[in-house]
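One structure is given below, encoded as structure tokens.
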């Protein structure tokens, strides 16, 4: 909503570049229902490629565009582009100062190709390119047009106005300004636009007969602008008719009394007494209602009004009208002790707010003390620039007004006033002491005597520097006092990388929370960035997070570093403690050349509870893996298989159709081998499919029966020709995977990690083959944490734990806990 108030240029040039979250918001088609590229100035129109920016904004709207404003750079080609982009919902186009680039051809084409629902059209400074011929053709196609402006279009005459009047029966507003052929337009308007409400003709050369024709022909006219029309003489019959039209506006007397009273309550007391109540009897009777005078505001009137009006007399009159219902009164300049006495004598004991501003020498301690004793419900009190008010009055006010929550005392007070406040106003929440000269002892007394104080204003207080305000500052929340459950819930919203590298290092309490297995039901290692993926051993971090989950892992997302070995490690770590893997969601993103069919086929048989699977930019995954996944994961509901280059023809589609009948959601982005036969097979094989995303599948051509099936059976369908800016997929503009150097980016894992996940679990570590012993080790900052001998010892513990779990089912938890505890001690660098 905030971004929608900015111009299109500001969003494209600045806003969307702030962060990823703002960029994703700027990709929402709803943000681009309105495109405003006006009021940019000549300089910006030259510095920026505005037409290119406008086309980009049109693409992002995804056909939702309703209102577009174009200045300087509009052309016929741009109008054609708007229609070709499917923006048939366009209601309000504005074409300003497009000079010679917008012509009859562009307007007619726009009207004919789908903008028949147009409601507002502005043509400003299009000069000679817009003519009667184009406007006449356009008017026939725009039956819903309600607002039209034609300014500085020099070839438009009364002929076009006649056609517009006949073709646009709902036209309510017309601006026809600064046009050369302004002869006879008044009669064309009068005869053909009887429903007009607003009319602007600047300048025009018709006389009183023309204005008389307009007034007769447009009986509903509410607004008429004829400035710079020197020939028209507004007198006699014309002025009588114009007055008649003025009364056609809203009748304010028809409003209900409650609504009128609410409107009057927003006016000052002086305005009501001096003006409003004199308008009519109905308004005078409303102004006599006591509920109208629960609030009396006689501030901000200025010195002149305070002299011209008898303000004290007006204030007494308002108090009388309140009939004891007064709750809030503000007095400036004219307050006196007698006026305060009059308020109490009138029975206004319900007063909750009192403001005395700049009453100087007329308000004294005596008057305030007498009044305070009767105001037991007072909650807010302002005493500003009343120099005769001292600590004596403050003491009485504090004792007599126990509900006082807010106090402003902006006088030249000292420590006496501070002590009076501290000793008698213990329930204060807000205190303002501007331009007072008490010292630290007075301030200390206030802080000690007002324990509930929330705000303190000491502006223009220069006696001594503050010494004790830190006591109140320490009232901020201590995050360590939060319950562990709440802290765990907060941490669960962070990424795994942030928890391992930062959060758990804050304190022991947070580290113990980060050791809770429930914390690791979800492991998200996506969106870490290329820099972190090169400078940290993400593979080892992920393994450590998996170990901490103690078999409770349900959702894991991996980007860049996924391998077949890691997938096997995930499954084996969970099967140590449980006979069944609990994993429900698996995301493999941009793993390019390190995930293969063999690895996915092996784990698919062990994931019976898997419901969501995403495989994006994994170049060595084909239909073979999809078949195994479909057979091994009967509960699979959502599949995303994007950017696949490894299959031929429709192999992926047939594998999905034959093995995944329970799919609800399917995304196949940039599947270059998919064609109509594959889509048809998917629709026939996946009978429960609700959403299908086929973006940029170039060989798919939806026509005939296939189009009908998609429209009837799918609740959400994204077509192949969808623009790249459409939300829901962030890899639309990703470079080709050729930039990815497999040799530079592949993690070379330790021989122990690769060994302990092989099928031959009983093989001893000392019997490793010579080939494995020759594996080159890449030492990174994370690898240096592990000593080779120590890690081998950890591996032996894991092997023994697996053996115990296999033979002693009752001790499985103990065995696995033994390894996790040891690895945590060795993982001290995390």
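Numbering (the UniProt record's numbering), first residue to last: 1 to 830.
Cβ atoms here follow ideal geometry from the backbone N, Cα and C, with glycine treated the same way.
Test item: CB-CB of residue i and residue j under 8 Å
i: residue 511; j: residue 554; result: no
i: residue 831; j: residue 668; result: Nothing can be reported for residue 831: it is not among the residues displayed for the chain, which extend from 1 to 830.
i: residue 522; j: residue 563; result: no
i: residue 339; j: residue 366; result: no
i: residue 73; j: residue 51; result: yes
i: residue 87; j: residue 70; result: no
i: residue 309; j: residue 270; result: yes
i: residue 14; j: residue 33; result: no
i: residue 161; j: residue 128; result: no
i: residue 680; j: residue 716; result: no
i: residue 609; j: residue 582; result: yes
i: residue 330; j: residue 298; result: yes
i: residue 119; j: residue 147; result: yes
i: residue 632; j: residue 654; result: no
i: residue 273; j: residue 213; result: no
Chain-order list of residues whose beta-carbon lies under 8 Å from that of residue i (same chain, five-residue window excluded)
i: residue 284; result: 277 and 278
i: residue 376; result: 349, 400, 401, 402 and 403
i: residue 767; result: Note that residue 767 scores a pLDDT of 40, beneath 50, so its modelled location is shaky; the value from the coordinates is reported in the next line. Result list for residue 767: empty, nothing under 8 Å.
i: residue 196; result: 171, 172, 173, 174, 189, 218, 220 and 221
i: residue 361; result: 387 and 388
Rounded distance between the beta-carbons of residue j and residue i, thought under 8 Å
i: residue 125; j: residue 145; result: 20 Å between Cβ atoms; not a contact.
i: residue 433; j: residue 450; result: With 8 Å as the limit, residue 433 and residue 450 do not qualify as a contact, their Cβ atoms being about 12 Å apart.
i: residue 517; j: residue 492; result: With a Cβ gap of about 13 Å, residue 517 and residue 492 do not count as contacting.
i: residue 368; j: residue 407; result: That belief does not hold up - the Cβ atoms of residue 368 and residue 407 are roughly 13 Å apart, past 8 Å.
i: residue 537; j: residue 495; result: With a Cβ gap of about 16 Å, residue 537 and residue 495 do not count as contacting.
i: residue 341; j: residue 379; result: Not a contact, Cβ separation roughly 21 Å.
Residue(s) in a DSSP beta bridge with residue i
i: residue 357; result: 332 and 384
i: residue 634; result: Bridge partners of residue 634: none, in fact.
i: residue 614; result: 587 and 640
i: residue 223; result: 198
i: residue 491; result: Note: residue 491 sits in no beta bridge, so no partner.
i: residue 405; result: Paired residue(s): none; residue 405 is not in a bridge.
i: residue 505; result: DSSP, once it has assigned bridges, lists no residue as partnering residue 505.
i: residue 34; result: 67
i: residue 141; result: Answer is none; residue 141 lacks a bridge partner.
i: residue 556; result: 523 and 586
i: residue 177; result: 151
i: residue 438; result: Answer by DSSP bridge pairing: none, since residue 438 is not bridged.
Residue closest to residue i, alpha-carbon to alpha-carbon, out of the options
i: residue 699; options: 688, 720, 690 and 682; result: 720
i: residue 590; options: 608, 557 and 168; result: 557
i: residue 629; options: 290, 715 and 614; result: 614
i: residue 133; options: 443, 103 and 209; result: 103
i: residue 294; options: 639, 301, 274 and 262; result: 262
i: residue 345; options: 547, 373, 359 and 331; result: 373
i: residue 29; options: 58, 320, 198 and 36; result: 58
i: residue 122; options: 67, 625 and 136; result: 67
i: residue 65; options: 23, 89 and 610; result: 89
i: residue 918; options: 413, 509 and 498; result: An answer regarding residue 918 cannot be provided, because it is not within the stretch 1 to 830 covered by the chain.
i: residue 695; options: 714, 672 and 428; result: 672
i: residue 289; options: 197, 208 and 326; result: 326
i: residue 571; options: 486, 547, 559 and 489; result: 547
i: residue 592; options: 561, 677, 681 and 610; result: 561
i: residue 623; options: 641, 291 and 201; result: 641
i: residue 484; options: 504, 513 and 635; result: 513
i: residue 38; options: 9, 22 and 63; result: 9
i: residue 440; options: 656, 187 and 415; result: 415
i: residue 712; options: 683, 722 and 254; result: 683
i: residue 300; options: 343, 396, 5 and 267; result: 267
Chain-order list of residues whose beta-carbon lies under 7 Å from that of residue i (same chain, five-residue window excluded)
i: residue 661; result: 685, 686 and 687
i: residue 425; result: 398, 404, 407 and 450
i: residue 11; result: 3 and 26
i: residue 335; result: 356, 359, 362 and 363
Cut-off 6 Å between Cβ atoms - residues of its own chain near residue i, not counting five sequence neighbours on either side
i: residue 386; result: 356, 359 and 363
i: residue 1; result: none
i: residue 164; result: 139
i: residue 7; result: 36
i: residue 587; result: 557 and 614
i: residue 280; result: none
i: residue 552; result: 517 and 521
i: residue 223; result: 198
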